[in-house]
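Report on the following structure.
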Amino acid sequence: MSIYITPQDELHVEYQGIALTCPHCQTLSHLTAVAVPKFDDLNRRRPKQIGIVFRCDACGEPVFLKFFVKSYSALRIELAPNYVEVERARESFPLTYLPEEAEVLFKEALDCYAANCFNAFGSMCRRTAQSLFRELGERGKLELFDTLQEIRTLAELDDETFAALRGVLFGSDSDPWPSHPHLDAERAGILLEVMRDLLYQTFVRKARLMQAVSFRKFVAPGQTEAGFDTSRSRVRDEPLA
Ligand SMILES: [Zn+2]
Numbered sequence: 071m072s073i074y075i076t077p078q079d080e081l082h083v084e085y086q087g088i089a090l091t092c093p094h095c096q097t098l099s100h101l102t103a104v105a106v107p108k109f110d111d112l113n114r115r116r117p118k119q120i121g122i123v124f125r126c127d128a129c130g131e132p133v134f135l136k137f138f139v140k141s142y143s144a145l146r147i148e149l150a151p152n153y154v155e156v157e158r159a160r161e162s163f164p165l166t167y168l169p170e171e172a173e174v175l176f177k178e179a180l181d182c183y184a185a186n187c188f189n190a191f192g193s194m195c196r197r198t199a200q201s202l203f204r205e206l207g208e209r210g211k212l213e214l215f216d217t218l219q220e221i222r223t224l225a226e227l228d229d230e231t232f233a234a235l236r237g238v239l240f241g242s243d244s245d246p247w248p249s250h251p252h253l254d255a256e257r258a259g260i261l262l263e264v265m266r267d268l269l270y271q272t273f274v275r276k277a278r279l280m281q282a283v284s285f286r287k288f289v290a291p292g293q294t295e296a297g298f299d300t301s302r303s304r305v306r307d308e309p310l311a
């Protein structure tokens with residue numbers, strides 16, 4: 071993809087243009103440039119990085135991206151196609167299904183991830199895990215470990231990645247230094263997916279299944295006649311989403 075600024079201060083993006091998940095409306099949307107730095111000014115100062123303000127075509131909110139400059143010339147300022155999102159879309163997760171303390175901790179973990187603070191994200195994931203171990207007891211901790219093993223097989227995680235994930239979630243703060251594996255963007259991304267799956271399997275899936283089962287019992291044929299218990303209608307008030 072070729073992307074450059076013309077002497078008329080216009081941004082040219084070849085092919086499909088720029089599309090990303092908008093940090094404001096969370097939809098995958100195209101962006102339109104609304105504030106491009108001046109060509110002459112850039113050519114005079116020649117910064118390594120430049121910032122451009124876009125408008126999300128879906129919601130109209132501003133999105134700020136930073137680009138590295140590949141080359142300066144009298145005809146165009148060529149930018150590198152990969153950009154840095156200054157404000158990233160938040161990762162969504164049905165947090166309300168988690169125990170109260172874990173909900174607070176994992177919400178902060180997601181905030182760290184959105185801010186590209188990957189080691190802070192890892193630390194908050196460990197705190198989330200510690201809170202869950204306390205909540206679920208030794209048996210629950212073993213079950214979580216089994217779920218992590220299942221994810222390892224399903225996702226075909228290599229030994230090194232698995233060891234890092236295990237170190238983050240099941241390691242102890244009193245382990246010998248470094249007690250916490252270092253996380254880069256790639257490993258944090260894998261940890262995020264593993265956390266989602268782990269928490270989904272342990273809490274969300276069960277809660278939703280139980281809601282669905284209660285609902286099926288409520289609407290089961292034959293129960294609407296004699297002996298119908300009206301107190302069951304309360305089940306309907308619970309959201310099924
Ligand atoms: Zn938007």
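Residue numbers (my numbering): 71 to 311. From the three backbone atoms N, C-alpha and C, an ideal C-beta is built for every residue, glycine too.
Residue i classed as buried or exposed, judged by whether at least 16 other C-beta atoms fall within 10 angstroms
{"i": "R306", "result": "Per-residue confidence for R306 stands at a pLDDT of 46, beneath the threshold of 50, marking its modelled position as unreliable; no derived number is given."}
{"i": "T272", "result": "buried"}
{"i": "Y85", "result": "exposed"}
{"i": "V289", "result": "exposed"}
{"i": "S99", "result": "buried"}
{"i": "E308", "result": "Model confidence at E308 stands at a pLDDT of 46, short of 50, so the residue's coordinates are unreliable; what they give is reported in the following sentence. E308 comes out exposed."}
{"i": "A179", "result": "buried"}
{"i": "L149", "result": "buried"}
{"i": "L261", "result": "buried"}
Neighbourhood of residue i by C-beta distance below 6 angstroms, restricted to the same chain and skipping five residues each side
{"i": "A172", "result": "T198, S201, L202"}
{"i": "A184", "result": "R158, R160"}
{"i": "I88", "result": "L101"}
{"i": "E205", "result": "P169"}
{"i": "P77", "result": "F109"}
{"i": "G237", "result": "P251"}
{"i": "L83", "result": "It is worth fixing the name first, because residue 83 is Val in this sequence and not Leu. So the qualifying residues of the chain are I73."}
{"i": "V312", "result": "This structure leaves residue 312 out entirely; the chain is present only between 71 and 311."}
{"i": "V156", "result": "F134"}
{"i": "L112", "result": "I147"}
{"i": "T300", "result": "Reliability of the predicted coordinates at T300 is poor, the pLDDT of 47 falling under 50, and the value obtained from them is presented with this limitation in mind. Contacts found: none."}
{"i": "A190", "result": "C182"}
{"i": "F138", "result": "Q119, A150"}
{"i": "S116", "result": "A small fix is needed here, since residue 116 is Arg in this sequence, not Ser. Closer than 6 angstroms at Cβ, skipping near neighbours: Y142."}
Among the options, nearest to residue i - alpha-carbon criterion
{"i": "R125", "options": "K136, S284, A105", "result": "A105"}
{"i": "E263", "options": "E80, I221, A103", "result": "I221"}
{"i": "L253", "options": "S244, D243, V274, T231", "result": "T231"}
{"i": "P107", "options": "I147, T97, A282", "result": "I147"}
{"i": "Y167", "options": "K287, R286, A277", "result": "A277"}
{"i": "D79", "options": "G207, L145, R257, S99", "result": "L145"}
{"i": "P151", "options": "Q119, Q219, L224", "result": "Q119"}
{"i": "L212", "options": "G192, F240, A234", "result": "F240"}
{"i": "F215", "options": "L235, D229, S143, D228", "result": "L235"}
{"i": "S249", "options": "A225, L149, G192, L227", "result": "G192"}
Beta bridge counterpart(s) of residue i as assigned by DSSP
{"i": "T91", "result": "L98"}
{"i": "Q119", "result": "F138"}
{"i": "V133", "result": "F124"}
{"i": "A105", "result": "V123"}
{"i": "V83", "result": "I73"}
{"i": "Y183", "result": "None; Y183 has no bridge partner."}
{"i": "E29", "result": "The shown model of the chain, from 71 to 311, leaves out residue 29, and the question about it has no answer."}
{"i": "L149", "result": "I73, V139"}
Ligand 1 heavy atom lying under 6 angstroms from the CB of residue i
{"i": "A128", "result": "yes"}
{"i": "E155", "result": "no"}
{"i": "H52", "result": "Residue coverage of the chain in this structure runs from 71 to 311, which leaves residue 52 outside it and unanswerable."}
{"i": "A252", "result": "The amino acid occupying residue 252 in the given sequence is His; Ala does not appear at that position. No, the Cβ of H252 stays beyond 6 angstroms of every heavy atom of ligand 1."}
{"i": "H94", "result": "yes"}
{"i": "E161", "result": "no"}
{"i": "E131", "result": "yes"}
Same chain, Cβ closer than 8 angstroms to residue i, five either side skipped, listed in chain order
{"i": "C95", "result": "C126, A128, C129, E131"}
{"i": "F176", "result": "F163, L165, L168, M194, C195, T198, M265, L269"}
Residues near residue i by beta carbon distance below 7 angstroms, same chain, minus five either side
{"i": "F188", "result": "L253, D254, A255, A258"}
{"i": "D267", "result": "I221"}
{"i": "K103", "result": "The question names Lys, but residue 103 is Ala in the sequence shown. These residues qualify, in order along the chain: L81, I122, F124."}
{"i": "T217", "result": "L268, Q271, T272"}
{"i": "R286", "result": "none"}
{"i": "K140", "result": "E148, L149, A150"}
Neighbour flag for residue i against chain B, beta carbons, 7 angstroms
{"i": "K136", "result": "Among the protein chains of the structure shown there is no chain B, as only one such chain exists."}
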